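Chemist: Can you read through this structure? Questions will come right after.
Protein chains: 2
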Amino acid sequence: MLKENSKILYVAGIGPGKQEGMTKETLEALSKSDVIAGYPVYLSLLPEELRDKERIETGMTREVERCRLALEAADSGKTVSLVCSGDAGIYGMAGPVLSLAKDFPEVEVRILPGVTAASAGAAVLGAPLMHDFAVISMSDRLTPFPLIGKRLRLAAEADLVIVLYNPESKGRAGYLKKACDILLEILPPDRAAGYVRQIGREGQQAWTGTLGELREETADMFTTVFIGNSTTHISGGRMITERGYDI
Amino acid sequence: MLKENSKILYVAGIGPGKQEGMTKETLEALSKSDVIAGYPVYLSLLPEELRDKERIETGMTREVERCRLALEAADSGKTVSLVCSGDAGIYGMAGPVLSLAKDFPEVEVRILPGVTAASAGAAVLGAPLMHDFAVISMSDRLTPFPLIGKRLRLAAEADLVIVLYNPESKGRAGYLKKACDILLEILPPDRAAGYVRQIGREGQQAWTGTLGELREETADMFTTVFIGNSTTHISGGRMITERGYDI
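Top line first, the protein sequences correspond to chains A and B.
One rule links them: number in this note's numbering = place in the first sequence (from 1) + 2.
One rule links them: number in this note's numbering = place in the second sequence (from 1) + 2.
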């Protein structure tokens, strides 16, 4: 059994951003941590009372360094929380931390799951995830684009609802259009679609329409995109996928 | 703008089960509700202080009735929370409630997302969802089995991590084996796999192994199953999918 005073690194998903979307266990972990590590944008979303804790901040593309610094801080005897937006286990820091943790055998890593953007965005749009779905990141920083395209095609053929994470960024302008063009090889242009930008944060924007119309929209890395399956419809501005209940 | 005293129905995901996994906004919604509606098993997981509130309970296969009763209670002026395990928007009650809500124009439906079993189970196993994934329910109550099989095949061809919800039940014994047999047409028997039963609840059990070994396991409707992609490995009992970081 681990002792109460073990060296602990929490890897915590903070949900879409606002404190109300964090789980009780994540709020408690943050509150008892000596150090909070994370990407600066996400640290700025934390509740005020946590803002005077020691910080470890490293920018985009320096994720591995951030994980190692967090493990080192925990190994030095501090209680540390490494925060990720959404869920720490979905494209988050849980993986790199666990891979690096073999160099820090005394540190106990505790992964605290959070509300991922697929769930938080779906709640804003209505109920697009009532049936089987695929989550696909459009970032080709670590994944070759042809593999992303293949996954989009097969997910469309499987009639899965498709959720796109990180659809565009400054360096990847036009990627949403590229994704729509691939999907339009298989899906009809009137397929229901929607997106939410800055979910649960200042300036949240939601949009619903068709896949054909989505092609003309632009997005950024804080946008989550939903493309419906064959039963998804928009009614009263809500995007709803039918489960098959007799209503 | 909606008035403060609007008729409100919260459709709230309570996460994997224990109170620590609920979001702050869901805990607050439950606390200010007059009535709590849900499937009896999930109502029994709620914190003690909520247990003396008025209840609406209907069993399995009576989901639509439960949603209608919750809307009727809200329409009568009570504040109501309809709870779902995990996330209300993933195979949950968000869809049927929104479809029925057109008959209750004065009720404001607020969907509160929660931590879904894919996130909660992944956190127990390690970090299997570091890359693109598909969530597929094995329940053929509302979906023809050949469509489930087609989705499994295409998800495997797309090299997606695959998460199976509701893999078996009393009436669907052997469905996990059926799923493995379909996946084994495409994937090698040494593909990494894992499952978690009763995530975050009394009696939680986790298992990791290979797809070939998974075929010999049994599951139930409270089990969430993970089949890795081509980069997933098990090390030190943890299931980790590589994102491609240079570690």
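We put the CB at the ideal spot given by N, CA and C, even for glycine.
These figures come from a predicted structure and were not determined experimentally.
Which class does F106(A) belong to by DSSP, given the choice of helix, strand or coil?
Modeler: By one-based count along the first sequence, residue 106(A) stands at place 104. Note: F106(A) maps to coil in three-state DSSP.
Chemist: How would you write the range of the beta strand (DSSP E) that F135(A) sits in, first residue to last?
Modeler: For this step, residue 135(A) is matched to residue 133 along the first sequence. Per DSSP, F135(A) belongs to the beta strand (DSSP E) from F135 to S139.
Chemist: Round the Cβ separation of A124(A) and P130(A) to the nearest angstrom and send it over; I've been treating them as touching at under 8 angstroms.
Modeler: Against the first sequence, residue 124(A) aligns to sequence position 122. Against the first sequence, residue 130(A) aligns to sequence position 128. So it is a contact: roughly 5 angstroms between Cβ atoms.
Chemist: I need the straight-line Cα distance from R143(A) to I249(B), nearest angstrom please.
Modeler: Numbered from 1 along the first sequence, position 141 holds the residue referred to as residue 143(A). Numbered from 1 along the second sequence, position 247 holds the residue referred to as residue 249(B). Approximately 15 angstroms between the Cα atoms of the pair.
Chemist: Excluding the 5 residues flanking E65(B) on each side, which residues of the same chain have their C-beta closer than 7 angstroms to its C-beta?
Modeler: Here the question's residue 65(B) lines up with position 63 in the second sequence. These residues qualify, in order along the chain: M95 and P98.
Chemist: Could you please give the first and the last residue of the uninterrupted beta strand (DSSP E) stretch that includes F228(A)?
Modeler: As a working mapping, residue 228(A) is identified with position 226 in the first sequence. Segment T225 to I229, the beta strand (DSSP E) holding F228(A).
Chemist: Can you find a C-beta in chain B that's less than 7 angstroms from the C-beta of Y12(A)?
Modeler: Counting from one through the first sequence, the residue named residue 12(A) turns up at place 10. Under the Cβ distance rule, Y12(A) does not count among the residues neighbouring chain B, no pair being separated by less than 7 angstroms.
Chemist: When we look at the beta-carbon of D134(B) and count the other beta-carbons within 10 Å, is it buried (16 or more) or exposed?
Modeler: The sequence position of residue 134(B) within the second sequence is 132, counting from 1. D134(B) comes out buried.
Chemist: Since Y197(B) is in the beta strand (DSSP E), which residue starts that stretch and which ends it?
Modeler: Locating residue 197(B) in the second sequence gives position 195, counting from the first residue. Residues A194 to R199.
Chemist: Anyone know if the C-beta pair for M241(A) and A194(A) falls short of 7 angstroms?
Modeler: Stepping through the first sequence from its first residue, residue 241(A) is reached at position 239. Stepping through the first sequence from its first residue, residue 194(A) is reached at position 192. Yes. Within cutoff.
Chemist: Step through the CB atoms of chain B and report whether any lies within less than 7 angstroms of the CB of I138(A).
Modeler: Here residue 138(A) refers to the residue found at position 136 of the first sequence. Proximity of I138(A) to chain B, defined by a Cβ-Cβ separation below 7 angstroms, is satisfied.
Chemist: Taking the continuous alpha helix (DSSP H) assigned at G214(B), which residues delimit it?
Modeler: As a working note, residue 214(B) is residue 212 in the second sequence. From DSSP, the alpha helix (DSSP H) with G214(B) extends over L213 to L216.
Chemist: Can you name, in chain order, every residue of its own chain whose Cβ lies under 6 angstroms from the Cβ of I164(B), other than the five neighbours on each side?
Modeler: For the purposes of this step, residue 164(B) is identified with residue 162 of the second sequence, where counting begins at 1. A136, A157 and I229, listed in sequence order.
Chemist: Span of the beta strand (DSSP E) holding A72(A)?
Modeler: Walking along the first sequence from the start, residue 72(A) turns up at place 70. No beta strand (DSSP E) holds A72(A); the alpha helix (DSSP H) holding it covers E65 to D77.
Chemist: Would you check if the distance between the CB atom of P18(A) and the CB atom of G205(A) is smaller than 7 angstroms?
Modeler: To locate residue 18(A), count along the first sequence from 1; it is residue 16. To locate residue 205(A), count along the first sequence from 1; it is residue 203. Result no, Cβ atoms of P18(A) and G205(A) do not sit closer than 7 angstroms.
Chemist: Would you mind telling me which residues of chain B sit closer than 7 angstroms to Q21(A), beta carbon to beta carbon, in chain order?
Modeler: Taking the first sequence and counting its residues from 1, the one referred to as residue 21(A) is at position 19. The contacting residues are K26.
Chemist: For E56(B), which residues does DSSP report across the bridge?
Modeler: Taking the first residue of the second sequence as position 1, residue 56(B) is located at position 54. Paired residues: V37(B).
Chemist: From C86(B), G173(B), L178(B) and G40(B), pick the residue whose C-alpha is nearest to that of G61(B); which is it?
Modeler: For the purposes of this step, residue 61(B) is taken as the residue at position 59 of the second sequence. Ranking the options by Cα distance to G61(B), first place goes to G40(B).
Chemist: Does any residue of chain A have a CB that is nearer than 7 angstroms to the CB of L52(B)?
Modeler: As a working mapping, residue 52(B) is identified with position 50 in the second sequence. Not one chain A Cβ lies under 7 angstroms of L52(B).
Chemist: I'd like to know if P98(A) contacts chain B, where contact means its C-beta is closer than 7 angstroms to some C-beta of that chain.
Modeler: Within the first sequence, residue 98(A) is the residue found at index 96, counting from 1. Chain B, which has a Cβ nearer than 7 angstroms to the Cβ of P98(A), makes this yes.
Chemist: Could one say the Cβ of F224(A) lies closer than 7 angstroms to chain B's Cβ atoms, at least one of them?
Modeler: Position 222 of the first sequence, counted from the start, is the residue given in the question as residue 224(A). Cβ-Cβ to chain B under 7 angstroms: no for F224(A).
Chemist: For A208(A), name the three-state secondary structure that DSSP assigns.
Modeler: The residue you call residue 208(A) lines up with position 206 of the first sequence. Note: A208(A) maps to strand in three-state DSSP.
Chemist: Under 7 angstroms between C-beta atoms, does E159(B) make it to chain A?
Modeler: Taking the first residue of the second sequence as 1, we reach residue 159(B) at position 157. It does; some Cβ of chain A falls within 7 angstroms.
Chemist: I need the DSSP call for T25(B), collapsed to helix, strand or coil.
Modeler: Reading the second sequence from its first residue, position 23 is the one you call residue 25(B). Looking at T25(B) - three-state DSSP - the assignment turns out to be strand.
Chemist: I'd like the span of the alpha helix (DSSP H) that includes K180(A), first residue to last.
Modeler: Sequence index remark: in the first sequence, residue 180(A) carries index 178 (1-based). Element bounds for K180(A): Y177 to L186.
Chemist: Report yes or no: is there a C-beta of chain A within less than 7 angstroms of the C-beta of L216(B)?
Modeler: As a working note, residue 216(B) is residue 214 in the second sequence. Output row for L216(B): interface = no.
Chemist: Is there a C-beta anywhere in chain A that falls below 7 angstroms from the one on M62(B)?
Modeler: By one-based count along the second sequence, residue 62(B) stands at place 60. Not one chain A Cβ lies under 7 angstroms of M62(B).
Chemist: In whole angstroms, give me the CA-to-CA distance for L162(B) and E218(A).
Modeler: Within the second sequence, residue 162(B) is the residue found at index 160, counting from 1. Within the first sequence, residue 218(A) is the residue found at index 216, counting from 1. The C-alpha of L162(B) lies about 28 angstroms from the C-alpha of E218(A).
Chemist: Which bits of chain B does R153(A) rub up against, with CB to CB less than 8 angstroms?
Modeler: Along the first sequence, one-based indexing puts residue 153(A) at 151. Near R153(A) (Cβ distances below 8 angstroms), the residues of chain B are D134, A160, D161 and L162.
Chemist: Along the region 172-193 of chain A, where does the CB come closer than 8 angstroms to a CB of chain B? Name the residues.
Modeler: none
Chemist: Give a yes or no on contact between the region 231-239 of chain B and the region 169-187 of chain B, applying the rule of three or more CB pairs nearer than 8 angstroms.
Modeler: no
Chemist: Per DSSP, which one or two residues make a beta bridge with M241(A)?
Modeler: Residue numbering aside, residue 241(A) sits at position 239 when the first sequence is read from its first letter. Answer is G128(A) and I236(A).
Chemist: Which stretch, first to last residue, makes up the beta strand (DSSP E) that contains Y12(A)?
Modeler: Residue numbering aside, residue 12(A) sits at position 10 when the first sequence is read from its first letter. Element bounds for Y12(A): K9 to G15.
Chemist: At least one CB of chain A closer than 7 angstroms to the CB of V117(B): is that the case?
Modeler: In the second sequence, counting from the first residue as 1, residue 117(B) sits at position 115. At least one chain A Cβ lies under 7 angstroms of V117(B).
Chemist: Under 8 angstroms by Cβ, that's how I've got I38(B) and V85(B) pegged, so tell me the actual separation to the nearest angstrom.
Modeler: On the second sequence, position 36 is the one that residue 38(B) refers to. On the second sequence, position 83 is the one that residue 85(B) refers to. Between I38(B) and V85(B) the beta-carbon gap is near 6 angstroms, inside 8 angstroms, which marks them as a contact.
Chemist: Whole angstroms are fine: how far does the CA of L185(A) sit from the CA of Q21(A)?
Modeler: Here residue 21(A) corresponds to residue number 19 of the first sequence, with the count starting at 1. Here residue 185(A) corresponds to residue number 183 of the first sequence, with the count starting at 1. So the two alpha carbons sit approximately 36 angstroms from each other.
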